[in-house]
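S.K.: Following this message is one structure expressed as structure tokens.
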Amino acid sequence: MANIMIRQADSGGLVFYLPKRDLEASIESIEFDSDAKWGGELKLGNGGAYYIEPIARPPRLPISLRARRLGAAED
Amino acid sequence: MSTLSREETEALIAEVLEVYPEKARKDRAKHLAINDQSIEQSKKCITANRKTLPGVMTVRGCAYAGSKGVVWGPIKDMVHISHGPVGCGQYSRAGRRNYYVGTTGVDTFGTMNFTSDFQEKDIVFGGDKKLAKLLEEVETLFPLSKGSSIQSECPIGLIGDDIESVAKKASAATGKPMVPVRCEGFRGVSQSLGHHIANDTIRDWVIGKRDGQPFASTPYDVAIIGDYNIGGDAWASRILLEEMGLRVVAQWSGDGTLAEMMNTPKVKLNLLHCYRSMNYISRHMEEKYGIPWLEYNFFGPTKIVESLRKIAGFFDDSIKEKCEAVIARYQPMMDAIIGKYKPRLQGKKVMLYVGGLRPRHIIGAYEDLGMEVVGAGYEFGHNDDYDRSIKEMGNATLIYDDANGFELEQFVKRIKPDMVGSGIKEKYIFQKMGIPFRQMHSWDYSGPYHGYDGFAIFARDMDIALSSPVWSKFVPPWKKAVPEEAQKAA
Ligand code: SF4
């Protein structure tokens, strides 16, 4: 598990940020994207994938969350 | 001096890598690349922020340097204690030329070196008592200091001192913030982790201390983050923001104060110049206080205009109007400078090797002068820095991450740039090779280079370096080719 931050990109999409490794990547897809359920599997622009527990859509971004890496480490 | 083609650059990299033993070669190959603007993700072509290969001459610093030297050091009204042996602080004292106003030793302490001067007995028996005494002495000798930061050097982490509890007691006794910073030099792969650690301590000990307190704010409050006022950089930036009607509440950390940092959460927009060293705190304030942050670039008129407009875009029309007025006012001055220097500098090629921001930021300023950046690299950049650089750099530009003395020399020998911009450790090697050189960390004791005023100085400095008559004296008279007539006469 790692602490991550999700923020709004200037272009409108979402950006994934992993402070520990200064890894910044666009979020290509998010598994659940409704007001009641938001999160799940995140597919990143760099090929990686992370999982966050689905929560209600956060009222404001950025937000820090705990995430689990899916698959092998990308770098 | 020709620009190398993609194939030639590839061959050059291969040639440089050839001298390494196989394992080292594989490792270094990942750090040398050729820019390809079509790539979005830098990790496809370059690996960054990895442990330096043992045995090569790196130019990186340590985490202590990143925290004490870069982030905390310039906060002028605090006493920053280099906790540990005397050398780390003494040899880096005042080296970064972070200008500030104040009376040194009375209300400001920027160029002074405070150290606990560890001796053998402190290593054996621990240095906590010494630190407590030191903090007491600081309070007696410098009552106007607004607080202290304890910057750990390597031994502190190794012997397991509890600087946190000492700091807490001292803070309770004096009522001033005492910030223990665990930035021992061995942490991380370069000074970059020191920046991060320093940012985290600012987050924990400074930001939020004035939450809920009254503050006379305006809709135009901004903070300058990540400008270290080297040679007066932040001042040259600040006046532009003020001219366009914004109120600069805080300067981080060049010429900055503790109070300014504490007030930063009250601003409307954080303006981030050095992304590498202070993006962490900007991200934190964005999450906690909803303050957006914006990367800007005040090197060279093209980028300044771009950045000013981007900044004005966050505010109402009155600011946008004033922003245009500022741009219009300085344009003639910029035209005059470019008119004067561009003909002298046009087409000259530059290779850069600097820290974590300037390689990409300065490119625009060189281009404004008609110069071309043919190679660039970061000492301690991360992949998010390279992501931001790819688009700024020309196609087929040579990129080197954490380059060492050998690689740089080889590259320069082959690419034959007209000028190299790097740090003091590289300066004399290249000058002795007959190549004009400017220090791009400390501006070679000149500056500022930020803002419109800075660009005037930047252009002049580049011209001085390139046009110096000394470069024509490199071949001794007896080695010069004898002209035809003289041969006949003999
Ligand atoms: S690596 Fe350790 S000993 Fe060396 S300068 Fe940094 S803190 Fe001091």
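Top line first, the protein sequences correspond to chains A and B.
Heads up: the first sequence is residues 1 to 75, going by our numbering.
Heads up: the second sequence is residues 1001 to 1490, going by our numbering.
We put the CB at the ideal spot given by N, CA and C, even for glycine.
Being a predicted model, the structure only gives us computed values, none of them experimental.
What does A:Ser90 touch in chain B if you count any residue whose Cβ is under 8 Å from its own?
M.R.: Within the shown structure, residues of chain A are numbered from 1 to 75, placing residue 90 of chain A beyond reach of any answer.
S.K.: Where do the ends of the alpha helix (DSSP H) carrying B:Ser1171 lie?
M.R.: Run containing B:Ser1171: Ile1163 to Thr1174, per the alpha helix (DSSP H) assignment.
S.K.: Label B:Asn1395 either buried or exposed according to how many other C-beta atoms from any shown protein chain fall within 10 Å of its C-beta, with 16 as the threshold for buried.
M.R.: B:Asn1395 should be labelled exposed.
S.K.: Is the beta carbon of A:Gly40 within less than 7 Å of some heavy atom of the ligand SF4?
M.R.: Not so, every heavy atom of the ligand SF4 lies at least 7 Å from the Cβ.
S.K.: State the DSSP-derived secondary structure class of B:His1080, mapped to helix, strand or coil.
M.R.: Of the three classes helix, strand and coil, the one that applies to B:His1080 here is strand, per DSSP.
S.K.: When you measure from the CB of B:Gly1423 to every non-hydrogen atom of the ligand SF4, does any distance come out below 7 Å?
M.R.: Not under cutoff, so the answer is no.
S.K.: Roughly how many whole angstroms lie between the Cα atoms of B:Leu1294 and B:Ser1165?
M.R.: Those two C-alpha atoms are separated by around 37 Å.
S.K.: Indicate whether B:Asn1098 and B:Gly1110 have their beta-carbon atoms separated by less than 8 Å.
M.R.: Cβ atoms of B:Asn1098 and B:Gly1110: closer than 8 Å.
S.K.: Taking 7 Å as the cut-off, is the CB of B:Tyr1064 close to at least one heavy atom of the ligand SF4?
M.R.: True, at least one ligand heavy atom lies under 7 Å from that Cβ.
S.K.: Residues of chain B with a CB under 9 Å from the CB of A:Tyr45: which are they?
M.R.: For clarity, residue 45 of chain A is Gly in the given sequence; the question names Tyr instead. Result: Glu1040 and Gln1041.
S.K.: Using only CA atoms, which one of A:Arg7, A:Ala25 and A:Asn46 lies nearest to A:Pro59?
M.R.: Closest option to A:Pro59, Cα to Cα, is A:Arg7.
S.K.: Looking at the C-beta of A:Tyr50, does it have a partner C-beta in chain B at a distance below 8 Å?
M.R.: For A:Tyr50, the answer is no, since every Cβ of chain B falls outside 8 Å of its Cβ.
S.K.: Give the C-beta separation of B:Gly1364 and B:Phe1380 to the nearest angstrom, bearing in mind that I take them to be a contact with Cβ-Cβ under 8 Å.
M.R.: With 8 Å as the limit, B:Gly1364 and B:Phe1380 do not qualify as a contact, their Cβ atoms being about 22 Å apart.
S.K.: Determine the contact status of B:Gln1191 and B:Ala1376, defining contact as a CB-CB distance below 8 Å.
M.R.: No.
S.K.: Count the C-beta pairs between the stretch 1410 to 1426 of chain B and the stretch 1387 to 1394 of chain B that are closer than 8 Å, then say yes if the count reaches three, no if not.
M.R.: With the cut-off at 8 Å, the stretch 1410 to 1426 of chain B and the stretch 1387 to 1394 of chain B do not touch.
S.K.: On the DSSP letters alone, give me the boundaries of the beta strand (DSSP E) that B:Arg1203 sits inside.
M.R.: No beta strand (DSSP E) contains B:Arg1203, which is instead part of the alpha helix (DSSP H) from Gln1191 to Trp1205.
S.K.: Closer than 7 Å to a non-hydrogen atom of the ligand SF4 - does that hold for the CB of B:Gly1185?
M.R.: True, at least one ligand heavy atom lies under 7 Å from that Cβ.
S.K.: Just curious, the beta strand (DSSP E) that A:Arg66 is in, first and last residue?
M.R.: Taken as a continuous stretch (DSSP letters only), the beta strand (DSSP E) holding A:Arg66 covers Ile63 to Leu70.
S.K.: Using a Cβ cut-off of 9 Å, pull out every chain B residue sitting near A:Arg7, in sequence order please.
M.R.: Those are Arg1283, Glu1286 and Glu1287, listed as they occur along chain B.
S.K.: Who are the neighbours of A:Pro19 on chain B, taking C-beta pairs under 8 Å?
M.R.: Ordered by position in chain B, the residues that pass the 8 Å Cβ test against A:Pro19 are His1196, Tyr1280 and Arg1283.
S.K.: Between B:Gly1208 and chain A, is any beta-carbon pair separated by less than 8 Å?
M.R.: Answer no: the Cβ-Cβ gap between B:Gly1208 and chain A never drops below 8 Å.
S.K.: Counting contacts by CB-CB distance shorter than 8 Å, is B:His1031 in contact with chain A?
M.R.: No, B:His1031 lies away from the interface with chain A (no Cβ there is under 8 Å from its Cβ).
S.K.: Leaving out five residues before and five after B:His1080 in sequence, what residues of the same chain have Cβ atoms less than 8 Å from its Cβ?
M.R.: Around B:His1080: Lys1068, Trp1072, Gly1073, Phe1109, Phe1114, Ser1148, Ser1149 and Gln1151.
S.K.: Using the three-state DSSP reduction, which class does B:Ile1464 fall into: helix, strand or coil?
M.R.: Three-state result, B:Ile1464: helix.
S.K.: By the DSSP assignment, the beta strand (DSSP E) with A:Ala2 in it spans what residues?
M.R.: A:Ala2 -> beta strand (DSSP E) spans Ala2 to Gln8.
S.K.: Is there a Cβ from chain B that is less than 8 Å from the Cβ of A:Glu28?
M.R.: Judged by the 8 Å Cβ criterion, A:Glu28 is not in contact with chain B.
S.K.: From this set, A:Gly13, A:Asn3, A:Ala49 and A:Pro54, which residue's C-alpha is nearest A:Ser34's C-alpha?
M.R.: Ranking the options by Cα distance to A:Ser34, first place goes to A:Pro54.
S.K.: Report the CB separation of B:Ile1362 from B:Asn1035 in whole angstroms; it is logged as a contact under 8 Å.
M.R.: In fact, because the Cβ distance is near 16 Å, the residues do not count as touching under 8 Å.
S.K.: Give me the Cβ distance between A:Leu44 and A:Ala25, rounded to the nearest whole Å; I'm assuming they're in contact under 8 Å.
M.R.: The pair is a contact, with the Cβ atoms about 4 Å apart (cut-off 8 Å).
S.K.: CB of B:Glu1139 to nearest heavy atom of the ligand SF4: below 7 Å?
M.R.: No, the beta carbon of B:Glu1139 sits no closer than 7 Å to any heavy atom of the ligand SF4.
S.K.: Report the residue from B:Met1244, B:Tyr1289, B:Pro1332 and B:Val1206 whose alpha carbon sits nearest the alpha carbon of B:Thr1319.
M.R.: Here residue 1319 of chain B turns out to be Ile, not Thr, going by the sequence shown. Of the candidates B:Met1244, B:Tyr1289, B:Pro1332 and B:Val1206, the one whose C-alpha sits nearest the C-alpha of B:Ile1319 is B:Met1244.
S.K.: Name the two residues that bound the continuous beta strand (DSSP E) containing A:Asp28.
M.R.: Just to set this straight, residue 28 of chain A is Glu in the shown sequence, not Asp. Note, A:Glu28: beta strand (DSSP E), Leu23 to Asp33.
S.K.: My output table needs one value for B:Asp1387: the three-state DSSP class, helix, strand or coil.
M.R.: The answer is helix: DSSP assigns B:Asp1387 an H, G or I state.
S.K.: Among B:Leu1269, B:Gly1087 and B:Ser1277, which residue has its Cα nearest to the Cα of B:Glu1287?
M.R.: Of the candidates B:Leu1269, B:Gly1087 and B:Ser1277, the one whose C-alpha sits nearest the C-alpha of B:Glu1287 is B:Leu1269.
S.K.: Skipping 5 residues on each side, what residues in its chain have a beta carbon closer than 7 Å to that of B:Cys1045?
M.R.: The residues are Ala1033, Asp1036 and Ile1039.
S.K.: Using a Cβ-Cβ distance cut-off of 8 Å, determine whether A:Arg60 contacts chain B.
M.R.: For A:Arg60, the answer is yes, since a Cβ of chain B falls inside 8 Å of its Cβ.
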